[in-house]
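Below is one structure, written out as structure tokens, with a few remarks after it.
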Amino acid sequence: MKKFNYCSIFFYLCLPFLLVPQYAPAASHNEQVSPETKPLYVVLLMDSSGSMKKTDPDGFRKLASQSIVSLLSAEDRIAIVEFDAEPNIISDWKAASERTGIFDLLNKIGNEGGFTDFRAGLEAAAQLFKKAPQESDKVIFLLSDGVFDPNPLSESYAPYNIQYRLAIRGKNKSDVRKINEIYRNILSPVAKRIIETNILPELKKDGVQVYCVGFSADADREFLKYLADESSEIKTESHYFYANKAIDLMETFVGLLHYWKNKIILKSEQGNIAAGSRDSIAMDAYLKDIAFIALTENPADFYVRPEGGSKDELILQGTHPNLKVAMLKEKAPPGRWIYGFKDGSGPYRLLAVGKSTLDLVITGIKEKYSYGEPLKANAFVQINRQDAREYLKRNPRVIAEIALGNSKEGPFDLQESKDAFLFEYVIKAPGKARIKFTLLAKDKDNNDLLPRQSKEFITEILPRFYVEPQNITYGDLNQGQQKEQLVKVHSGLDETVRISVNSAIKNASRCGDVKEKLPLVKGDAFVIRTGQSLARPLRLTVPEKGCWGDFEGEILFTSDKGQRASVDFSVHVPSIWEKLTWFAITMMMILAIILILLVIYWGYLKTPVGVLRPVNYPPGTPLLNDIKLSSLKCGVWNKFLHWKKNVITIGQTGTDLRLAGLPQTMKAELLFHRFGGDYIKNTSPAESNHTFIVCNPDVGIDIERRPCSSYQLSHGLNIKISDYEFTYEHIK
33 MKKFNYCSIF
43 FYLCLPFLLV
53 PQYAPAASHN
63 EQVSPETKPL
73 YVVLLMDSSG
83 SMKKTDPDGF
93 RKLASQSIVS
103 LLSAEDRIAI
113 VEFDAEPNII
123 SDWKAASERT
133 GIFDLLNKIG
143 NEGGFTDFRA
153 GLEAAAQLFK
163 KAPQESDKVI
173 FLLSDGVFDP
183 NPLSESYAPY
193 NIQYRLAIRG
203 KNKSDVRKIN
213 EIYRNILSPV
223 AKRIIETNIL
233 PELKKDGVQV
243 YCVGFSADAD
253 REFLKYLADE
263 SSEIKTESHY
273 FYANKAIDLM
283 ETFVGLLHYW
293 KNKIILKSEQ
303 GNIAAGSRDS
313 IAMDAYLKDI
323 AFIALTENPA
333 DFYVRPEGGS
343 KDELILQGTH
353 PNLKVAMLKE
363 KAPPGRWIYG
373 FKDGSGPYRL
383 LAVGKSTLDL
393 VITGIKEKYS
403 YGEPLKANAF
413 VQINRQDARE
423 YLKRNPRVIA
433 EIALGNSKEG
443 PFDLQESKDA
453 FLFEYVIKAP
463 GKARIKFTLL
473 AKDKDNNDLL
483 PRQSKEFITE
493 ILPRFYVEPQ
503 NITYGDLNQG
513 QQKEQLVKVH
523 SGLDETVRIS
533 VNSAIKNASR
543 CGDVKEKLPL
553 VKGDAFVIRT
563 GQSLARPLRL
573 TVPEKGCWGD
583 FEGEILFTSD
593 KGQRASVDFS
603 VHVPSIWEKL
613 TWFAITMMMI
623 LAIILILLVI
633 YWGYLKTPVG
643 VLRPVNYPPG
653 TPLLNDIKLS
663 SLKCGVWNKF
673 LHWKKNVITI
683 GQTGTDLRLA
693 GLPQTMKAEL
703 LFHRFGGDYI
713 KNTSPAESNH
723 TFIVCNPDVG
733 IDIERRPCSS
743 YQLSHGLNIK
753 ISDYEFTYEH
763 IK
């Protein structure tokens with residue numbers, strides 16, 4: 033018997049672990065690992081009332097619906113319902129892969145109906161979803177060009193249906209039209225109540241979201257918006273869209289795939305066909321499942337092929353002759369693609385659609401904001417839910433655009449931070465606002481990426497008025513003083529109002545219960561119109577006999593309709609002690625500076641040093657001995673504190689050194705300094721013309737010193753003052 037080879041057994045046991053995917057190289061940064069997606073169940077709920085003959089005579093809504101079906105996955109399901117007075121289920125659930133059959137069914141959508149009863153259509157759609165699996169994404173796509181016009185013959189509106197039948201009996205067409213208008217006004221509230229209380233709750237329970245497209249100026253926009261908003265799971269996402277022209281329907285329809293299948297419109301183009309023309313588009317490495325959709329007024333030969341290639345991509349079969357769809361699912365970007373028309377004429381609309389692994393994720397938008405409140409959002413650029421900016425060239429941009437009614441604001445650049453792009457903006461008009469964000473970037477090789485648009489978000493700006501700034505300070509005010517601060521009042525109300533202004537102290541360090549001693553902001557009243565901004569002065573007064581201390585208060589703005597806004601304020605009233613304290617501090621600082629200067633000056637002055645040895649003196653004058661200069665300063669004041677402690681004065685009388693033989697007006701000084709040397713100075717009056725002579729033994733030259741002139745003292749210096757002669761010796 034052979035012995036077991038334990039090494040071989042160990043190798044074979046480990047082999048499966050060496051082959052599992054977790055040991056394989058990581059996916060490249062442009063391969064997004066997507067979670068399992070649920071199948072999409074969508075009901076195309078189409079208005080088939082007679083008005084469609086006028087608004088969509090060429091049936092563009094059918095072609096646009098074909099483009100949606102073309103871009104759905106094989107696991108997705110489609111049902112088709114048309115409605116006018118009553119619903120008509122054209123098709124129950126069909127796999128989206130059965131395109132040819134679905135295209136044929138879409139062509140059966142009519143335009144002959146007499147009413148536009150949304151209730152009837154929604155009831156039929158709701159019943160279809162009872163057959164849809166629970167684990168699926170469920171969507172109603174509702175298109176209408178008219179106002180809510182309930183069918184007065186329907187039993188759902190009993191007993192009004194009986195009254196209507198009696199009212200039109202025997203009437204001519206003109207009278208019936210008038211009666212229809214009356215009953216439209218009667219039944220619209222009834223139908224809306226049924227939708228609100230019965231149908232919408234059922235749809236919400238089943239997880240069905242309604243996406244609405246209003247088509248033409250007559251579309252019941254308010255009701256369609258209401259349906260979309262009420263059924264939306266994410267209240268800040270916009271699920272209502274408007275198409276002004278039939279040709280615009282395709283872009284509107286295809287744009288919905290961003291919400292349903294995360295497919296974004298990469299390029300939108302329109303113009304007139306020029307046979308033989310060509311253009312190109314560069315697809316970046318972060319795109320997949322690309323499709324080109326061309327909608328033309330007349331049949332045309334559209335083509336797409338890779339740059340440098342000779343073979344055109346296959347065009348999807350079974351669509352309307354005026355609709356061309358080229359799927360590039362099996363072709364992986366990056367690369368440049370050539371497209372154009374080989375023949376044909378007339379207007380065209382072209383869309384390039386695809387999935388992006390580079391995501392623009394928006395967070396932070398609220399359902400509602402008060403007028404004047406900053407709208408804030410964060411925009412994250414991600415791949416696989418991780419920051420993707422390291423894969424992009426420096427300084428990518430994210431811009432925001434805002435639509436409010438018929439007005440547009442932006443684009444605004446978001447501020448880039450460490451983790452995200454930050455958006456903050458104040459929308460200064462009440463109403464519903466639509467916001468869309470777009471990423472503009474280049475890859476590491478400096479190639480432009482196609483713009484990545486976010487979903488469209490919606491928020492509501494609630495009407496109110498507000499005041500800025502929210503906080504003001506009046507600083508320091510003394511008793512009896514006044515001061516004004518300007519504020520700006522902005523009105524987002526839908527009517528003109530009168531606003532009154534009052535104030536109250538909320539916190540007081542002193543005298544809180546003595547109202548007449550507290551600071552007060554003068555009352556005011558003014559009128560402000562819708563959309564107006566007014567600058568108003570707020571004058572605060574401190575009473576003559578008011579209290580000192582710190583005070584915090586509130587200034588309240590109240591409209592005659594009850595709306596309110598407030599501003600906080602603060603003021604400080606200094607006490608006598610604070611005033612004295614500040615005065616004392618100031619004086620002490622001045623004195624300290626003076627003292628420092630005096631110390632510096634005193635340090636500069638030196639005590640006199642040295643000896644004057646008499647060499648000659650006038651006959652008949654007292655005998656002179658050696659004169660020690662330091663001994664000439666007597667007393668503490670003269671020796672240490674006097675500002676001339678460093679000076680020895682010489683004269684006949686009234687000086688430190690008295691020489692009786694000098695003329696009365698002849699004066700001299702010996703000056704001593706720690707820095708800069710010691711000097712002898714002739715201080716005789718200028719008009720006296722008294723001079724003295726000095727002689728430096730090293731030079732041997734007599735130098736005459738006139739009044740106000742000086743000479744540096746040095747050891748051995750010979751000094752002749754009148755008939756006196758001395759030698760200076762520098763001895764400590």
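Counted from 1, the sequence shown has number 637 at position 605 by the working numbering; the numbering is strictly sequential.
In this text, a Cβ means the ideal position worked out from N, Cα and C, and glycines have one as well.
**Request:** Tell me whether K267 sits in a helix, a strand or coil according to DSSP, three-state version.
**Result:** Shown here, K267 sits in coil according to DSSP, grouped into three states, outside any helix or strand.
**Prompt:** Exposed or buried, which one is F453 when buried takes at least 16 other CB atoms within 10 Å?
**Reply:** Flag for F453 reads buried.
**Request:** Can you tell me which of the three DSSP states D195 falls into?
**Result:** Rather than Asp, the amino acid found at residue 195 in this sequence is Gln. The answer is helix: DSSP assigns Q195 an H, G or I state.
**Prompt:** Taking the C-alpha atoms as reference points, what is the distance between Q166 and V242?
**Reply:** Looking at the two C-alpha atoms, the distance is approximately 17 angstroms.
**Prompt:** Which same chain residues, not among the five before or five after E339, have their C-beta less than 8 angstroms away from its C-beta?
**Reply:** So the qualifying residues of the chain are S312, G367, R368, W369, I370.
**Prompt:** Which class does F672 belong to by DSSP, given the choice of helix, strand or coil?
**Reply:** helix
**Prompt:** Going by DSSP, what residues sit across from W369 in a beta bridge?
**Reply:** For W369, which the question treats as bridged, DSSP gives the partners I313, P338.
**Asked** For D556, which residues of its own chain have a beta-carbon under 6 angstroms away from its beta-carbon, when the five flanking residues on both sides are left out?
**Response** V533
**Asked** Between the C-alpha atoms of G91 and G145, what's the straight-line distance to the nearest angstrom?
**Response** The straight-line gap from Cα to Cα measures roughly 15 angstroms.
**Prompt:** With C-beta atoms as the reference, is T681 less than 7 angstroms away from E701?
**Reply:** yes
**Request:** Could you say if the region 584-602 and the region 529-547 meet the contact criterion of at least three C-beta pairs nearer than 8 angstroms?
**Result:** yes
**Item:** Cα-Cα separation, P551 to Y498
**Value:** Looking at the two C-alpha atoms, the distance is approximately 24 angstroms.
**Message:** Buried or exposed, going by whether 16 or more other CB atoms sit within 10 Å of the CB of C579?
**Reply:** buried
**Alpha-carbon spacing of N678 relative to A616, whole angstroms** = So the two alpha carbons sit approximately 34 angstroms from each other.
**Request:** For V413, count neighbouring C-beta atoms within 10 Å of its own C-beta (all shown protein chains included) and say buried if the count is 16 or more, exposed if not.
**Result:** buried
**Asked** Do L281 and A96 have their CB atoms nearer than 7 angstroms?
**Response** yes
**Asked** In whole angstroms, what separates the C-alpha of V647 from that of L655?
**Response** 11 angstroms
**Prompt:** For A465, is the classification buried or exposed, using 16 other Cβ atoms within 10 angstroms of its Cβ as the cut-off for buried?
**Reply:** It is buried - the Cβ of A465 has at least 16 other Cβ atoms within 10 Å.
**Message:** I need the straight-line Cα distance from F150 to N183, nearest angstrom please.
**Reply:** Near 10 angstroms, if we compare the C-alpha coordinates of N183 and F150.
**Request:** List the whole-angstrom C-beta distance separating D108 from L72, where the pair is believed to meet the contact cut-off of C-beta under 8 angstroms.
**Result:** 4 angstroms
**Request:** From the DSSP output, in three-state form, read off S83 for me.
**Result:** coil
**Asked** What first and last residue would you give for the beta strand (DSSP E) that runs through K713?
**Response** 711-714
**Asked** Would DSSP call K554 helix, strand or coil?
**Response** coil
**Prompt:** From this set, S439, N304, E399, which residue's C-alpha is nearest G372's C-alpha?
**Reply:** N304
**Item:** 8 angstroms Cβ shell around S66 - same chain, five flanking residues per side excluded
**Value:** No answer about S66 holds up, because its pLDDT of 40 lies below 50 and its placement is not dependable.
**Request:** Leaving aside the five residues before and after E269 along the sequence, list all residues of the same chain whose C-beta is less than 8 angstroms from its C-beta, in chain order.
**Result:** Once the five neighbours on either side are set aside, the close Cβ partners of E269 are Y291, K487, E488, F489, I490.
**Asked** Between A117 and A314, what straight-line distance do the alpha-carbon atoms span, to the nearest angstrom?
**Response** 49 angstroms
**Asked** What are the boundary residues of the alpha helix (DSSP H) that includes V631?
**Response** 608-636
**Message:** Pop quiz: L383 and K299 are said to be a contact at Cβ under 8 angstroms. What is the actual Cβ separation, rounded to whole angstroms?
**Reply:** 7 angstroms
**Asked** Pairing CB atoms from the region 401-419 with CB atoms from the region 458-474, are three or more of them under 8 angstroms?
**Response** yes
**Message:** So, with DSSP's three-state summary, where would you put T681?
**Reply:** In the structure shown, T681 sits in a strand (DSSP, three-state: E or B).
**Prompt:** Which residue comes first and which comes last in the alpha helix (DSSP H) that contains R93?
**Reply:** 92-103
**Asked** Under the three-state reduction of DSSP, which class applies to V533: helix, strand or coil?
**Response** strand
**Prompt:** Is it the case that the Cβ atoms of N143 and S99 are separated by a distance below 7 angstroms?
**Reply:** no
**Message:** Which of the three DSSP states is assigned to M359 in this structure?
**Reply:** strand
**Request:** Find the nearest neighbour of L481 within the set A435, D391, A692, judged by alpha-carbon distance.
**Result:** D391
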